Amino acid sequence: MQFNFNSTEPIYLQVAEQIEEAIFTQTFAEGTQIPSTTEISKEFHINPATVLKGMNILVDNQLIEKRRGVGMFVIAGAQARVVAKRRDQFYDDYVKKLVSEARKLHITKEELAQLIERGFATQ
Numbered sequence: 001m002q003f004n005f006n007s008t009e010p011i012y013l014q015v016a017e018q019i020e021e022a023i024f025t026q027t028f029a030e031g032t033q034i035p036s037t038t039e040i041s042k043e044f045h046i047n048p049a050t051v052l053k054g055m056n057i058l059v060d061n062q063l064i065e066k067r068r069g070v071g072m073f074v075i076a077g078a079q080a081r082v083v084a085k086r087r088d089q090f091y092d093d094y095v096k097k098l099v100s101e102a103r104k105l106h107i108t109k110e111e112l113a114q115l116i117e118r119g120f121a122t123q
C-alpha cells in the first residue's frame, strides 16, 4: 500500500481503495485476515482513526468483517462484489461516454463493434 498525502482525496478513502484493490487482485483473499488498523497506521504513519474510518467503509460495503478480539477478515464473495462494482463503474465512466461520442460521429453499432474489435486486436 502507498498513500498520496498531497492528494485532494482524503486518506481514509485512499485506505479503503487500497484494501479494495488488494481484495480485487486477491492479495487479500476471501477468508484471510487483513492488516490491523494499528499495523497500517504504524507502517504508513497514519492516524489509527483515519485507517479505521477507511476500513469501516469496507465493512459497510460488505467486503470485510470485524471479528471481535481477532481482527478484520475478507468476507466470502467480496471479490465478486468488487468486480460487479467495477463493471458498473466501467459502464458509467467509459461505455456511456463512448456510445454518446459514437452517436455524435454517426458511428453505427456495427462500426463501433468493429472499432472495439480492432482495439482488442492491437493490445
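No gaps in the numbering here: position 74 of the sequence shown is 74 in the UniProt record's numbering, and each next residue is one more. Just so you know, even glycine gets a beta-carbon here, dropped at the ideal spot from N, CA and C. No experiment lies behind these values; they were computed from the predicted model shown.
Assignment of beta-bridge partners to residue 81 by DSSP yields no partner.
A distance of 8 angstroms or more separates the beta carbons of residue 59 and residue 40. Going by DSSP, residue 51 is part of the alpha helix (DSSP H) stretching over 48-60. Secondary structure at residue 3: coil, using DSSP grouped into helix, strand and coil. Counting of Cβ neighbours within 10 angstroms places residue 54 among the buried residues, the total reaching 16 or more. Separation of residue 24 and residue 83 (C-alpha to C-alpha, rounded to the nearest whole angstrom) is 7 angstroms. Nearest neighbour of residue 63 by Cα position, chosen from 31, 98, 90, turns out to be 31. Per DSSP, residue 65 is one residue of the beta strand (DSSP E) stretching across 64-67. Boundaries for residue 28: no alpha helix (DSSP H) harbours it, and the DSSP string shows neither H nor E there. As the crow flies, the alpha-carbon of residue 123 is around 15 angstroms from that of residue 114.
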